[in-house]
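Asker: Protein chains in written order, with my numbering: chain L, 27 to 269; chain Z, 9 to 339.
Using N, Cα and C, we set each Cβ at its ideal position, and we do this for glycine too.
Have a look at the structure that comes next, please.
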């Protein structure tokens with residue numbers, strides 16, 4: 027009898043825990059993320075533009091906003107070109123399948139490094155080795171929804187809203203060091219329209235916000251746009267590896 | 009008779025004009041003009057005589073001549089692109105990777121008895137785009153020109169106003185905002201030489217300076233060590249004291265009460281015995297850097313690295329300067 031009561035209580039405890047975990051990780055939100063992820067998984071190439079705003083430490087206890095815009099073209103399995111317009115500089119990163127080149131249009135200097143042979147490894151490698159974050163490349167990862175599901179304590183579907191007249195799904199995720207909000211288009215493609223990351227771990231929280239627009243899919247981009255040829259007078263400098 | 013002759017001439021000129029005008033029209037197109045010069049495109053490099061011979065043909069032959077298929081452009085290859093691929097004027101370049109690791113650097117404010125990785129082999133080293141240090145000496149000198157006991161900087165007297173920029177486990181700090189300007193090595197006159205430079209003889213004004221059992225020859229802001237049948241310029245050993253420094257040394261403000269003197273990439277501080285070589289003072293600014301530096305991309309910024317010291321390009325009162333950076337291991 028005691029054994030039976032203990033068994034029932036254990037079962038109840040397991041069910042309650044499971045229910046609680048399911049509630050914290052909303053299945054609607056995960057399904058939307060999965061849908062977005064699977065659309066990217068089916069693409070042969072993708073192009074888009076972004077507007078980025080981020081908090082930058084200007085002084086102790088004093089953050090300022092920095093704005094950049096970028097144009098991104100990615101062709102599977104191993105090519106990308108990203109042109110970034112910052113407030114004071116204009117940069118370009120090109121990946122031709124074997125090397126990543128950085129070129130500063132403002133200063134006419136460039137760096138070159140031998141890269142892995144595929145996009146996802148190269149995007150990771152760029153971040154790990156050189157601290158370069160290809161504009162919100164996270165959403166392009168094949169394991170994006172899986173990673174979010176594994177890394178976040180809370181994932182919530184926050185309802186439907188609109189951004190610039192476009193109907194979007196609003197999803198919020200958080201763990202102890204970061205909160206992530208995504209607005210994903212409520213149409214046939216399920217594309218990210220906006221992401222907002224708030225970093226909480228450092229003494230002061232700060233944000234990184236990206237707006238996505240002008241998406242294009244499966245365009246046959248010419249190879250030459252991914253190649254880098256140093257312009258006359260450009261000087262190669264050394265790229266400092268973090269590792 | 010006269011009238012019919014004029015008519016005949018007129019008709020002939022008309023025929024000639026009809027034959028010539030298409031050619032003129034095409035010559036106004038840029039590609040055609042280029043082809044005429046280079047002869048690469050048969051359509052536009054057609055020699056004049058063939059035209060005159062065409063002109064003598066009957067009217068019925070003319071259209072055939074003008075629309076001759078061989079004069080048309082074709083795709084340059086079977087490549088499935090709109091034109092078969094372009095014929096490039098400039099060749100495709102091969103770019104060489106040029107990467108260095110922050111872990112190989114002797115950064116931070118500590119001494120390090122690193123040995124051997126700072127040799128400058130003074131054979132003319134010039135490989136592709138990787139021309140790191142190019143000292144044109146006819147001799148093959150293999151001396152450790154870097155002083156491994158030197159510190160890369162000394163900390164500033166005041167705290168930095170903002171958190172460091174963290175990169176690869178190190179925090180980079182500077183007081184002034186980044187302002188890129190190209191690195192252009194400065195030469196402090198004919199008696200100054202960069203690290204690794206070989207001279208067969210020294211001036212009689214050279215004196216011997218000893219630091220940690222190592223003897224150096226010092227002459228007008230340059231430190232040498234003996235090597236074979238001559239002397240090689242080396243990094244000034246911190247702690248060495250000399251009586252005189254070059255008169256064109258510049259004062260560098262370290263703090264409101266301390267100034268250093270800067271000449272030829274060496275920092276001196278006035279002491280009882282004269283002037284003592286000290287580490288580069290982080291936060292101070294200099295207007296010139298010597299040969300042998302390397303521009304390095306650290307995150308979004310480009311520093312100039314001389315030895316183990318990082319310099320941030322800045323602008324002060326409209327003038328291009330360099331601030332000595334503090335590069336501390338992340339705590």
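Using three-state DSSP, classify residue 333 (chain Z) as helix, strand or coil.
Answerer: Reduced to three states, the DSSP call for residue 333 (chain Z) is coil.
Asker: Mind pulling the chain Z residues with CB within less than 8 Å of residue 254 (chain L)?
Answerer: In chain order: 103.
Asker: Please list, in chain order, all residues of the same chain as residue 76 (chain L) whose beta carbon is under 6 Å from its beta carbon, the five residues on each side excluded.
Answerer: Once the five neighbours on either side are set aside, the close Cβ partners of residue 76 (chain L) are 96, 161, 236, 238.
Asker: Looking at C-alpha atoms only, which residue of L:204, L:154, L:111, L:220 is the closest neighbour of residue 165 (chain L)?
Answerer: Considering only alpha carbons, the answer is L:220.
Asker: Check for me: the alpha helix (DSSP H) holding residue 106 (chain L) runs from which residue to which?
Answerer: Per DSSP, residue 106 (chain L) belongs to no alpha helix (DSSP H); it is in the beta strand (DSSP E), 105-111.
Asker: Pair every Cβ in the segment 85-94 of chain L with every Cβ in the segment 243-263 of chain L, then say whether three or more of these pairs are closer than 8 Å.
Answerer: As far as the Cβ criterion goes, the segment 85-94 of chain L does not touch the segment 243-263 of chain L, which means the pair count is below three.
Asker: From the DSSP output, in three-state form, read off residue 155 (chain L) for me.
Answerer: Helix, per DSSP.
Asker: From residue 111 (chain L) to residue 159 (chain L), what distance separates their C-alpha atoms?
Answerer: Rounded to the nearest angstrom, the two C-alpha atoms are 15 Å apart.
Asker: Rounded to a whole number of angstroms, what is the C-alpha to C-alpha distance between residue 278 (chain Z) and residue 217 (chain Z)?
Answerer: Looking at the two C-alpha atoms, the distance is approximately 17 Å.
Asker: For a contact defined as C-beta to C-beta under 9 Å, what are the partners of residue 100 (chain Z) on chain L?
Answerer: Under the 9 Å cutoff, chain L gives 253, 255.
Asker: Would you kindly work out how many angstroms separate the C-alpha atoms of residue 423 (chain Z) and residue 192 (chain L), rounded to a whole number?
Answerer: This structure leaves residue 423 (chain Z) out entirely; chain Z is present only between 9 and 339.
Asker: With 16 other CB atoms within 10 Å as the buried threshold, where does residue 145 (chain L) fall?
Answerer: The residue in question, residue 145 (chain L), is buried, as its Cβ has 16 or more Cβ neighbours within 10 Å.
Asker: Near residue 245 (chain L), what residues of its chain come up, given a Cβ to Cβ distance below 7 Å and the 5 sequence neighbours on each side ignored?
Answerer: Within the same chain, residue 245 (chain L) has close Cβ partners 71, 73.
Asker: Residue 293 (chain Z) to residue 186 (chain Z), Cα distance in whole Å?
Answerer: Taking the straight line from one Cα to the other gives about 13 Å.
Asker: Residue 202 (chain Z) and residue 299 (chain Z): beta carbons closer than 8 Å?
Answerer: Going by C-beta atoms, residue 202 (chain Z) is nearer than 8 Å to residue 299 (chain Z).
Asker: Please list, in chain order, all residues of the same chain as residue 304 (chain Z) whose beta carbon is under 6 Å from its beta carbon, the five residues on each side excluded.
Answerer: 311, 313.
Asker: Give a yes or no on whether the C-beta atoms belonging to residue 1 (chain Z) and residue 243 (chain Z) are separated by under 8 Å.
Answerer: As shown, chain Z starts at 9 and ends at 339. That puts residue 1 (chain Z) outside it, with no answer to give.
Asker: From residue 61 (chain L) to residue 156 (chain L), what distance separates their C-alpha atoms?
Answerer: Their Cα atoms are separated by approximately 31 Å.
Asker: Where does residue 217 (chain Z) sit, in a helix, a strand or coil, going by DSSP?
Answerer: Residue state, collapsed to three classes: strand.
Asker: One question on the structure: do residue 268 (chain L) and residue 176 (chain Z) come within less than 8 Å of each other, judged by their Cβ atoms?
Answerer: Yes, the Cβ-Cβ distance between residue 268 (chain L) and residue 176 (chain Z) is below 8 Å.
Asker: Work out the CA separation of residue 53 (chain L) and residue 266 (chain L) for me, nearest whole Å.
Answerer: Computed Cα separation, rounded: 43 Å.
Asker: Take the Cβ of residue 87 (chain L) as the centre, count every other Cβ of all protein chains shown within 10 Å, and call the residue buried at 16 or more, exposed below.
Answerer: The residue in question, residue 87 (chain L), is exposed, as its Cβ has fewer than 16 Cβ neighbours within 10 Å.
Asker: Given this structure, state the Cα-to-Cα distance separating residue 142 (chain Z) from residue 195 (chain Z), to the nearest angstrom.
Answerer: Note that residue 142 (chain Z) scores a pLDDT of 38, beneath 50, so its modelled location is shaky and nothing firm can be said.
Asker: Taking 8 Å as the threshold (C-beta atoms), are residue 170 (chain Z) and residue 176 (chain L) in contact?
Answerer: No, they are not a contact pair.
Asker: Tell me the start and end of each unbroken beta strand (DSSP E) in the segment 226-267 of chain L that is at least 3 residues and wholly inside, in chain order.
Answerer: As far as the segment 226-267 of chain L is concerned, its whole beta strand (DSSP E) runs of at least 3 residues are 232-243, 264-267.
Asker: When DSSP labels each residue in this structure, what does residue 61 (chain L) get in the three-state scheme?
Answerer: Of the three classes helix, strand and coil, the one that applies to residue 61 (chain L) here is helix, per DSSP.
Asker: How would you list, in chain order, the residues of chain L whose beta-carbon sits under 7 Å from the beta-carbon of residue 294 (chain Z)?
Answerer: Neighbours of residue 294 (chain Z) on chain L: none; closest Cβ ~20 Å, over 7 Å.
Asker: Below 7 Å on C-beta distance, what does residue 307 (chain Z) contact in chain L?
Answerer: Per Cβ cutoff of 7 Å: 157.
Asker: Hey, is residue 175 (chain Z)'s beta-carbon within less than 8 Å of any beta-carbon in chain L?
Answerer: With 8 Å as the cut-off, residue 175 (chain Z) counts as an interface residue toward chain L.
Asker: Check this for me: beta carbons of residue 4 (chain Z) and residue 262 (chain Z), under 8 Å apart or not?
Answerer: In the structure as shown, chain Z begins at 9 and stops at 339. Residue 4 (chain Z) is therefore absent and cannot be evaluated.
Asker: So, residue 205 (chain Z) versus residue 250 (chain Z), is the Cβ gap smaller than 8 Å?
Answerer: No. Outside cutoff.
Asker: Using a Cβ-Cβ cut-off of less than 7 Å, give me the residues of the segment 135-149 of chain L that come near chain Z, in sequence order.
Answerer: Within the segment 135-149 of chain L, the qualifying residues are 135, 137, 138, 139, 140.
Asker: Just checking my contact of residue 55 (chain L) with residue 181 (chain L) at CB under 8 Å: how many whole Å lie between their CB atoms?
Answerer: That pair is a contact at about 5 Å.
Asker: Hey, does residue 190 (chain L) have any beta-carbon neighbour from chain Z nearer than 8 Å?
Answerer: No, because no Cβ of chain Z sits closer than 8 Å to the Cβ of residue 190 (chain L).
Asker: Starting from residue 200 (chain L), trace the beta strand (DSSP E) in both directions and tell me its first and last residue.
Answerer: Note, residue 200 (chain L): beta strand (DSSP E), 192-200.
Asker: Are residue 194 (chain L) and residue 171 (chain L) touching if we call contact CB-CB under 8 Å?
Answerer: It is not a contact, given that the beta carbons lie outside the stated cut-off.
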